[in-house]
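Top to bottom, those sequences are chains A, B, C and D. Read in order, the letters of the first sequence are residues 0 to 354 in numbering that gives the first Met the number 0. Read in order, the letters of the second sequence are residues 0 to 432 in numbering that gives the first Met the number 0. Read in order, the letters of the third sequence are residues 0 to 291 in numbering that gives the first Met the number 0. Read in order, the letters of the fourth sequence are residues 0 to 279 in numbering that gives the first Met the number 0. Worksheet: the structure to be examined is printed underneath.
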Amino acid sequence: MSLYMFPKEKLAAFVEALLPNYRVVGPVQTEYGYAFDDIASPEQLQLDYTTTVLPPKKYFLPQREVLFNFSNEADDQGQPHLDVRPVYADVEPTVIFGVHTCDMNGIMLYDKVFAEGYKDEHYAARREQTYVIGIECLRPCDSAAFCKDMGTLTAPPVYDLHMTDVGDYYMVDAGTGRGEQLLLDHVPATMARKEDIQQLGHVLSAKWPNFRMRLKMSKDQTPSLLTLGYRAKLWEELGEKCLACGSCTNVCPTCFCFDVQDELDITMENGARARIWDSCQLREFALVAGGHNFRETKASRVRHRVMRKGKYIKQVHGLLGCTGCGRCERACLVDITIPGTLNALSDEMQLEPGD
Amino acid sequence: MTENIRVNVHHVTRVEGHGNIVVDVRDGTIEKCELQIVETPRFFEAMLRGRPYNQASHITSRICGICAIGHATASLRATETALGVELSEQTRLLRKLAFHGEMLDSHILHTYMLVAPDFLNVGSVLPLAVSHPEVVQRALRMKKFSGDLCQVIVGRHTHPIAMTVGGFTHFPSRQELESLREQAEALLADVDATVELFGTLPWPTFERETEFVALVQDDEYGFIDGVIGSTDGPRVPISDYRTVTNERLSAHSTAKHAAFNRDSYMVGALARFNLKHEHLHPRAAAAADHFGLEPVCHKPYMNSAAQVVEIVHCVDDVIMLIDTLLERGVEPEAPAPVTLKPGARGVGSCDVPRGILFHEYQIDENGLIEEANCIIPTGQNLGNVDLDLRALVPTLLTETEDQITLKLEMLVRAYDPCISCSTHFLNVEFVGK
Amino acid sequence: MSVLDHSLTTTTTPRAYNGHTSIYLPAIATIEDVQDETRLEKIFTVRLPDGQNLGHVPGQFVMFSIPGVGEAPISIMSSPSRTGETFKLCIRNAGDLTSIIHTLKPGAEIGIRGPFGRGFPVDVFKGKDMLIAPGGLGLAPARSLIDEIIDNRDDFGRLIILYGCRNPQEILFRDTIQEWEKRDDIELMVTVDRGDENWTGHVGVITTLFEHVDINPYNTIAVTVGPPIMYRFVTVELLGKGLTPEQIWMSFERRMKCGVGKCGHCQVNHRYSCQDGPSWTYAEALAFEEAL
Amino acid sequence: MPAKPKVAFFDFTSCEGCQLTIVDLLQTHLGLVNLVEIVQFREAMTEKGEDYAIAFIEGSCTRKSDEDRLRKIREQAAVVVALGACAHLGGVNAMKNRWAIENVQTYVYGEDGKAMYESYEARPISAVIQVDAAIPGCPIDRFEFLHLVQKMLQGRAPKLPDYPLCVECKLKENACLNKLGKPCLGPITRAGCNAICPTYGDGCEGCRGWIPEANFDEMREILRGHGLSDADIDARFTMFNHYQMQHMGDDAPVTTTVSPVKDEPLPTSTFAAPQEEPVR
Ligand SMILES: Cc1cc2nc3c(=O)[nH]c(=O)nc-3n(C[C@H](O)[C@H](O)[C@H](O)COP(=O)(O)OP(=O)(O)OC[C@H]3O[C@@H](n4cnc5c(N)ncnc54)[C@H](O)[C@@H]3O)c2cc1C
Ligand code: SF4
Ligand code: SF4
Ligand code: SF4
């Protein structure tokens, strides 16, 4: 697709023009930081923001999503009949502004998870109705980020539009035809000229030194490190500390596990089956009837999460399950971090010379 | 003529908490006539000892589920007075708003669900829902508004969350305030219908002269802070509350009564009306006229009418407060700082739905509570209820026991005794004493 | 061949309902019959809308749901050879949902999704001697395979069934077992961990039966279905008889919420038991630390 | 539909806020009265039926003399549900268990008054009678109450979440208070209230009781990190869960004593004791 540009002050007009026809969401300032939320007027949108508590995954896999409604109403003879109606609930055309490159990598993984094997129509319905507008990260969010290690500093091909701040202008890469249309329909953008593209190149190459590396190994080594470290002592140590609160998975852009719950209305005849985010860190996640728990200890659960991030998801879907966004580190109250864990594991796995 | 009556109404239903009325008349003379409290004591004052000062309001709100915001407010004011905290204007406004939410909730619950069934001759609110569905639905609508109001400002009505020493931990958004204001406007029709309904009720005319005590403020019909006022004249600063609640042995029992200038006094909506009716919003003043309420009104049954007047007043005041807040804008602000020092003492008071409430704490230099005292409105009213009962019973002797029982229950209910406020009571009479 | 051959994964398209497709939307099926089996288990005969054939292979499961209560994975007890307009499920009253399932009466409408999961590769088993060793409720899913073999008896070699239960009351399908006993083309042994006054049969855990059978290790497939702890001991016996891990099949029951490889609950290391299982070879299981 | 089950509400030592919360639920869910038949609900009705199948009990047991009433309820009801923290945990009432009963009696009612107020160690009702289910919280969450009632009507066991509050808090995308330096017991407290306190900016106080895996050691470290003294942390751990801490014995994760110390002197309040002669 093509590269466009528009003056930064036109962003407000862009948002304004979208508002009548789309649900527009993006990072907004909250009392304590930023969150993806609905935008009612352009000035709410904060494209220069530090990472939000929850990633934009909530727009594709909401915290609670109704899968179908059911009813058990009685017919003329007073005989109740079960009826089920699928819901692709409140899916309205949505534009998400300001998705960081790490989070776009999260979306890329989601796209695979929910399309491979059985296709998840609920996810697909939301995804199809949603325009992703990325923003190039030129500086790290904060010290928790390790996107450079995880190779998520560049935008993966999931965006409809991708914007880079080049001073007075936003350079906009149209990733899809519909994205291009969205842009051209709502903002007076011009094709980037040669010198603009050159400037973009400068900005993009200048950003790399701003980011530091935190891992002692390359991301490509994490699967084998984790294979080696399956029985490491480290997991016990982390299990002791872990609160089993599930915060790390809930905030993670690549975690997608869910629970399914039925809810009844006040008549108890009608209701809905909904899926709700779940977490492999919680005690009951692998507990089955009869009381057997396949991951009884916190140590085994912490390990499972890290294994998923650094190995299992890659085995199944071909992508690492960590984008280096640093959210789990910011959320964890006992300092269990992905870089800290991987580095400690690598230390523990160092074979003594001669072994 | 009933010469001998024994009325024993156990667990007077439809009052918050447990109370028993015991009346024993023999040959026309009253042997016994009292409201007994069977509520279990809870020892909140003792429990507060050694607790950090910022837990006090959360603990004491658990004294009473219906006056939770009131207890939290009195508690915070006591702590704030002790620790020299200056509140911002925004904090004061938000606290008033939350307080109104509770006042409305409690008064609506009491008048519609507990008092009205008596007058409409149905046992309780459940049959009322069958006989007068529109009345119950209106009550639920109005209650929902008060609940929503509390929710927006402090998180919930029973055991408020966002009120803290020196301020708030959460702030309503402009949108929320605007929507509340809209709801309040929409509620005015229900408010009018309420005045109409209660205007048609046959209020018993029983009358007994007594003293009324409430918090009074210079320029408003307020509920938080001010000075202690009496219909007998004196004004006393809150810090001297003990000269008002003044506990002494009563002539007819071994238990203690609160008494100020007479044998007993009454607190609550009627007391507030009697003391500061001139500050009512016009619509509320009109409602008072409609009920024939005139200061100083000595008819205890009219306490419920005064509560309806306060419902009207609070809805108007809510609209006014929201307008003020919208005009100034609500900004998140950190709670005002505290100064810890050895032996810091403070009294906090507010006029909760059932009347004037006092908390007093002493806090040490580490912020731990050393001493605590809570004086609740129902405790202050009990002496007055007993005297009312004694004056009322002789006038009822010609009636059937059922009628007597109902009238007595209605009298007790008129006081809206929140007996679950079971910090220590000033007045308890025990059978056999 | 990789340890896990995905070609074995049976992907069934979800049933369309009212013109929509959603992998989470159940078809509304009817309970045709309910039979008490033991104190804890009942057998439910289920009819799909319009008597559609379920179209499963042995070892697969369906997601059984009562909207308003919940959903659970249940193995299909019927063999494909005996599945026409209805199929059977054997369900143990084990908890929240299953206790409500046990209150269902014929005529009740329930939800069915599936069949899901990788079943047993019956075609691969053809021509082989079959040693089937279910424990307890494991006979229900094993039954699907056993009946399939019985109904195509000539396609297979010996059929050896070693069935173990904790006590005589737990024994499933007593009538059927008696019929099996009568046949001379089935070698059947039943044992209980603890007998009672009426029990005259073998007493001892299931592994004690193995010493009584001789097998040809080069042409035998073993299938064992039961609680996780059983696998640990049964596999030792089977390996002792000279079977390779590739010749031993087993079924893994994990918590499942979706049945279609999304919800994450049934993961065994990186594999989803609902898709890549529930049937696995022991060779596959050995590659997963979390399997056994 | 089968006959509506008869339901009764009872209160013991409590603020009655949980029953009020049910009245509040009726504001939006009046249909509840079509699902059950309420035969006793002292807060809202005069009628009294003694024929009930489900008993909701609010409040702790704090008097020997209340035990009989509890046993009577147990005999009548097929299902007994503890309603709210007081009934479920002992709740705030149990804070007084830190002292001998004469101590608190004397403190509040004076030397002469203490005998008039019967009381003993506050306890959850499960310490007196068998309880089939609990609806936690101070006060209860009205929607959790509704959901659990619906489950019971379906014939299911009302199961509570076993995971901590942080789960719900995260789903709501709250800023974590502990990260902001404000103490919150969310990591060790059972979820189900939708993290209402952190949502309103105030740390969780543990009113729903602890999760089975509560990591008290790390929780204490987190709170110490906010500059809280051990006394302050103990006070937080015992605000609603004093009874639990008391009965954890040596395992109790507190640094101070939670049970009465022998022969502690009986204090009198330096504030007005009710024995005083008129001040006037
Ligand atoms: C592939 C497979 C096949 C099965 N086949 C049968 C069968 O043929 N007959 C039979 O009686 N049972 C079978 N089960 C077990 C059955 O699914 C559980 O007994 C049932 O889920 C228990 O649910 P509950 O709500 O009654 O119990 P609860 O203990 O109340 O369950 C609590 C939660 O755990 C989940 N859960 C509990 N146990 C299991 C489990 N073993 N597997 C998955 N989720 C579980 C439930 O979904 C529920 O949400 C099978 C399980 C699997 C995975
Ligand atoms: S594991 Fe942590 S750092 Fe990695 S993507 Fe998830 S939240 Fe971000
Ligand atoms: S605020 Fe409290 S409940 Fe919420 S995430 Fe933080 S610690 Fe957990
Ligand atoms: S957040 Fe904590 S204190 Fe607040 S209601 Fe929930 S469990 Fe209770």
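All C-beta atoms, glycine included, are put in the ideal place defined by N, C-alpha and C.
Cross-strand partners of residue i (DSSP beta bridge)
{"i": "His161 (chain A)", "result": "A:Gly133, A:Asp172"}
{"i": "Met44 (chain D)", "result": "BP columns for Met44 (chain D) are empty, so no partner."}
{"i": "Cys60 (chain D)", "result": "D:Arg122"}
{"i": "Arg274 (chain A)", "result": "A:Glu64, A:Val259"}
{"i": "Ile37 (chain D)", "result": "D:Val6"}
{"i": "Phe86 (chain C)", "result": "C:Val45"}
{"i": "Met188 (chain C)", "result": "C:Leu161"}
Residue i Cβ short of 7 Å to ligand 3 heavy atom set
{"i": "Pro186 (chain D)", "result": "yes"}
{"i": "Cys175 (chain D)", "result": "yes"}
{"i": "Cys192 (chain D)", "result": "no"}
{"i": "Pro197 (chain D)", "result": "yes"}
{"i": "Cys63 (chain B)", "result": "no"}
{"i": "Ser246 (chain A)", "result": "yes"}
{"i": "Leu405 (chain B)", "result": "no"}
Proximity test, residue i beta-carbon vs ligand 2 heavy atom, cut-off 7 Å
{"i": "Ile312 (chain A)", "result": "no"}
Residue i, DSSP secondary structure in three states
{"i": "Arg230 (chain A)", "result": "helix"}
{"i": "Asp231 (chain B)", "result": "coil"}
{"i": "Tyr51 (chain D)", "result": "coil"}
{"i": "His201 (chain C)", "result": "strand"}
{"i": "Arg207 (chain B)", "result": "coil"}
{"i": "Val6 (chain D)", "result": "strand"}
{"i": "Asn273 (chain B)", "result": "helix"}
{"i": "Ala250 (chain B)", "result": "No answer about Ala250 (chain B) holds up, because its pLDDT of 41 lies below 50 and its placement is not dependable."}
{"i": "Gln45 (chain A)", "result": "coil"}
{"i": "Tyr271 (chain C)", "result": "strand"}
{"i": "Phe13 (chain A)", "result": "helix"}
{"i": "Ala504 (chain B)", "result": "Lying outside 0 to 432, the shown extent of chain B, residue 504 (chain B) is not represented and no answer is given."}
{"i": "Val194 (chain B)", "result": "helix"}
{"i": "Trp207 (chain A)", "result": "helix"}
beta-carbon residue i near ligand 1 non-hydrogen atom, thresh 7 Å
{"i": "Pro352 (chain B)", "result": "no"}
Cβ-heavy atom distance, residue i to ligand 4, below 7 Å
{"i": "Glu204 (chain D)", "result": "yes"}
{"i": "Gly136 (chain D)", "result": "yes"}
{"i": "Leu224 (chain A)", "result": "no"}
{"i": "Arg207 (chain D)", "result": "yes"}
**Q.** Distance cut 5 Å, beta-carbon to ligand 1 heavy atom: residue list by chain order
**A.** Ordered along the chain, residues surrounding ligand 1 are A:Val287, A:Ala288, C:Phe60, C:Ala71, C:Pro72, C:Ile73, C:Ser74, C:Ile90, C:Arg91, C:Ala93, C:Gly94, C:Asp95, C:Leu96, C:Thr97, C:Ala139, C:Glu252, C:Arg254, C:Met255, C:Pro277 [Cβ under 5 Å from any heavy atom].
Q: Closer than 6 Å is what we want: which residues have a beta carbon that near any heavy atom of ligand 2? List them in chain order.
A: If you measure from each CB to the nearest heavy atom of ligand 2, the residues under 6 Å come out as A:Val250, A:Cys251, A:Pro252, A:Thr253, A:Lys308, A:Cys321, A:Thr322, A:Gly323, A:Cys324, A:Gly325, A:Arg326, A:Cys327, A:Ile337.
Q) If contact means a Cβ-Cβ distance below 8 Å, which residues of the region 6-32 of chain A contact chain D? A) If the cut-off is 8 Å between Cβ atoms, the region 6-32 of chain A has Thr29, Glu30, Tyr31, Gly32 near chain D.
Q: Output, in sequence order along the chain, the residues in the region 260-276 of chain A whose CB is closer than 7 Å to any CB in chain D.
A: Against chain D - using a Cβ distance shorter than 7 Å - the residues of the region 260-276 of chain A are Leu263, Ile265, Thr266, Met267, Trp276.
Q) Looking at chain D, which residues of the region 142-163 of chain B have a Cβ within less than 8 Å of any of its Cβ atoms? A) Residues Lys142, Lys143, Gly146, Val153, Gly154, Arg155, His156, Thr157, His158, Ile160, Ala161, Thr163.
Q: Closer than 8 Å, Cβ to Cβ, to anything on chain D: give me those residues from the region 95-113 of chain C, in chain order.
A: Going along the region 95-113 of chain C in chain order, one finds Asp95, Ser98, Ile99, Thr102 with a Cβ nearer than 8 Å to chain D.
Q | Cβ-based contacts, 9 Å cut-off: residues of the region 107-125 of chain A near chain C | A | Only Val112, Phe113, Glu115, Gly116, Tyr117, Lys118, Asp119, Glu120, His121, Tyr122 from the region 107-125 of chain A bring a Cβ to less than 9 Å from some Cβ of chain C.
Q: Using a Cβ-Cβ cut-off of less than 7 Å, give me the residues of the region 174-196 of chain D that come near chain C, in sequence order.
A: Within the region 174-196 of chain D, no residue has a Cβ that lies closer than 7 Å to any Cβ of chain C.
**Q.** Against chain A: residues of the region 252-263 of chain C by CB proximity under 8 Å
**A.** Those residues of the region 252-263 of chain C that come within reach of chain A (Cβ to Cβ, closer than 8 Å) are Glu252, Arg253, Arg254, Lys256, Cys257, Val259, Gly260, Lys261, Cys262, Gly263.
**Q.** Residues within the region 62-76 of chain C neighbouring chain D, beta-carbon criterion of under 8 Å
**A.** Within the region 62-76 of chain C, the residues whose Cβ lies closer than 8 Å to some Cβ of chain D are Gly67, Val68, listed in chain order.
Q. Which residues, in order along the region 311-329 of chain A, keep a beta-carbon less than 8 Å from a beta-carbon of chain D?
A. Flagged, chain order: Arg329.
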